[in-house]
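Here the structure comes first, spelled out in structure tokens, and everything after it is commentary.
Residue numbers (my numbering): 121 to 232.
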């Protein structure tokens with residue numbers, strides 16, 4: 121297959137298979153994030169009527185799709201997990217895991 125004839129065909133089942141320790145239908149790419157210039161380069165033009173508040177999210181989604189990924193990692197507006205820590209205070213160092221809300225299956229179910 122040449123690059124000129126490549127047509128993205130994302131299939132979320134591939135990444136699910138990998139996460140379930142199963143064999144995906146084809147090699148599966150994974151990145152938590154890429155970089156903004158790359159998203160912009162590969163996203164292509166956005167629809168002219170795309171609302172401004174969705175443009176960054178859509179650019180990211182289209183960038184991931186056009187680069188051959190089966191998913192896109194996006195940040196949802198106003199979405200955060202609760203934390204049990206009031207802040208790091210004046211300690212010289214602190215654990216990034218300190219105060220995590222999800223630390224086992226039971227706490228995952230309670231917070232989802």
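By construction, the Cβ of each residue, glycine as well, lies at the ideal position given by its N, Cα and C atoms.
| query | result |
| --- | --- |
| Option nearest residue 198 by Cα separation, candidates 157, 173, 150, 228 | 173 |
| DSSP state of residue 138 mapped onto helix, strand, coil | helix |
| Three-state secondary structure (DSSP) of residue 163 | helix |
| 7 Å Cβ cutoff, residue 216 in contact with chain C | Chain labels in this structure do not include chain C; a single protein chain is all it has. |
| The region 149–160 in contact with the region 211–226 per 3-pair CB rule at 8 Å | no |
| The region 124–135 / the region 176–191 touching (three or more Cβ pairs under 8 Å) | yes |
| Inter-residue spacing [alpha-carbon to alpha-carbon] between residue 170 and residue 164 | 13 Å |
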